[in-house]
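Engineer: If you use full-length UniProt numbering, the sequence shown closes out at 171, no skipped numbers anywhere.
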Amino acid sequence: MANLSSTAETPQQIKFMEVAINEAEQAAILGEVPIGAVVVKDGQIIGRGHNMREKFQDATYHAEVLAIMEACQNLHSWRLEDCDLYVTLEPCIMCSGAIINSRIRTVYYGAADPKAGAVDSLYHLLNDQRLNHQVNVMSGVLGKQCSQMLKEFFRAIRKKRKLARKKKAGN
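1. Per DSSP, what kind of secondary structure is C92 in: helix, strand or coil?
2. Comparing C-alpha positions only, which one of A59, K166 and I45 sits nearest to V33?
3. Mapping the DSSP letters down to three states, classify M52 as helix, strand or coil.
4. Note down the Cα distance separating L150 from K166, rounded to an integer number of angstroms.
5. Expressed to the nearest angstrom, what Euclidean distance is found between the alpha-carbon atoms of L93 and G170?
6. Can you tell me whether residue 249 is buried or exposed, with buried defined as 16 or more other CB within 10 angstroms of its CB?
7. Hey, is the region 76-85 in contact with the region 34-46, meaning 3+ C-beta pairs nearer than 8 Å?
8. Closest by CA to S121, which one among K159, E90 and L142?
9. Which stretch, first to last residue, makes up the alpha helix (DSSP H) that contains A27?
Okay, here's the thing in structure tokens:
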């Protein structure tokens, strides 16, 4: 399978990543880390998801997993062989496992994740020839926008925590 990172973004890739970004914005509204994902088959979105770990207190409620689950339900199959996944952040180990096991064809992601990324940053799981399925990968689709959204989210959290510490110290 190929790493398509040097390929220019197409209008379709931008369109679907914008939908994933909208999903990420929904996560942020809920106080979740703003990560969103969509599964696409034949130009149609068949699965959507955004982080819901805090709401459900479940470590597996990542955007990618939720989008894959919805796509599987819509297709009545766990095999997503002719499907592509668009996600705002490089998938982690768990999500990469779900991507491989569901036979996703191509993953398009926005921002790299140097602390937990299992596609390019820390590991290369989607292209590991020892596994039963490999996945095409294109990184950096609307990467600056995806990265900026995450930076702003964590900046706001740090600011809120700093204010809370100041307030606590003042009492």
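For glycine and all other residues, C-beta sits at the position ideal for the given N, C-alpha and C.
Structural biologist: Looking at the atomic coordinates:
1. C92: coil per DSSP, three-state reduction.
2. A59
3. Coil, per DSSP.
4. 24 Å
5. Looking at the sequence shown, residue 93 is not Leu but Ile. About 42 Å.
6. Since the first residue shown for the chain is 1 and the last is 171, residue 249 is missing from the structure and cannot be characterised.
7. yes
8. E90
9. Unbroken alpha helix (DSSP H) run through A27: P11 to I29.
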